[in-house]
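If you're matching positions, the sequence shown starts at 666 in this note's numbering and goes up one per residue.
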Amino acid sequence: MPIDARYDPSNVFARILRGEIPSERVYEDADFVAFRDIEPAAPVHIILVPRGQPPTSPATISEADTDWIGRMVHAATRIAAAQGLAERGYRLVLNCGDDAGQTVGHLHLHILGGRALGPVA
Ligand code: AMP
């Protein structure tokens, strides 16, 4: 999807957060929810999203977002460890816009692991 700062509350992750679409949640706290990707690209593929209406993509974050993004990365490392990925390693991915293949306009972090993932692109 093109980069667009306007948040569309009908996006699939907003609907998952509202409980309108089922998901297999693996983690949640006051700020974040994590669930399994519906089309996993690796044996473990989890999507970690902020609650509420976050920036639509990495390109639309501001200085005010840096604290919670740090906490989101920290939560991702805890989730990866809980999924058994700490020993062999894993990949955290933030897609941004069309060339990265971003399809959902609600900032999200991919947690990928469970096999050797190969080159980044
Ligand atoms: P991105 O390409 O970074 O925008 O990632 C969006 C991800 O959301 C893709 O990996 C999709 O497979 C995943 N996805 C789309 N719909 C759902 C859903 N209903 N439940 C779980 N994951 C989904």
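Quick reminder that beta carbons are idealized off the backbone N, C-alpha and C, glycines included. No experiment lies behind these values; they were computed from the predicted model shown.
Identify the continuous alpha helix (DSSP H) that holds residue i and give its terminal residues.
i	result
glycine 735	731-747
valine 769	No alpha helix (DSSP H) contains valine 769, which DSSP labels as neither H nor E.
Classify residue i as buried or exposed, calling it buried when 16 or more other Cβ atoms lie within 10 Å of its own Cβ.
i	result
valine 698	buried
glycine 778	buried
serine 722	buried
Going along the chain, which residues of its own chain have a beta-carbon closer than 6 angstroms to the beta-carbon of residue i, five neighbours each way excluded?
i	result
glutamine 748	Val709
threonine 725	Ala670
arginine 756	Leu777 and Leu782
arginine 680	Ile686
In chain order, what residues of the same chain have a beta carbon less than 7 angstroms from the beta carbon of residue i, not counting five sequence neighbours either side?
i	result
aspartate 673	Gly770
alanine 707	Leu777, Gly778, Gly779, Arg780 and Leu782
I need the boundaries of the beta strand (DSSP E) containing residue i, first residue and last residue.
i	result
arginine 701	697-701
leucine 757	755-758
arginine 683	Taken as a continuous stretch (DSSP letters only), arginine 683 belongs to no beta strand (DSSP E), as it is neither H nor E.
Return the bridge partner residues of residue i from the DSSP annotation.
i	result
isoleucine 776	Ile711 and Leu757
glutamate 693	Val698
Inset, instruction - Spell out a yes or no on whether the stretch 691-706 and the stretch 759-773 are touching, meaning 3 or more CB-CB pairs, one atom from each, closer than 8 angstroms. - result: no
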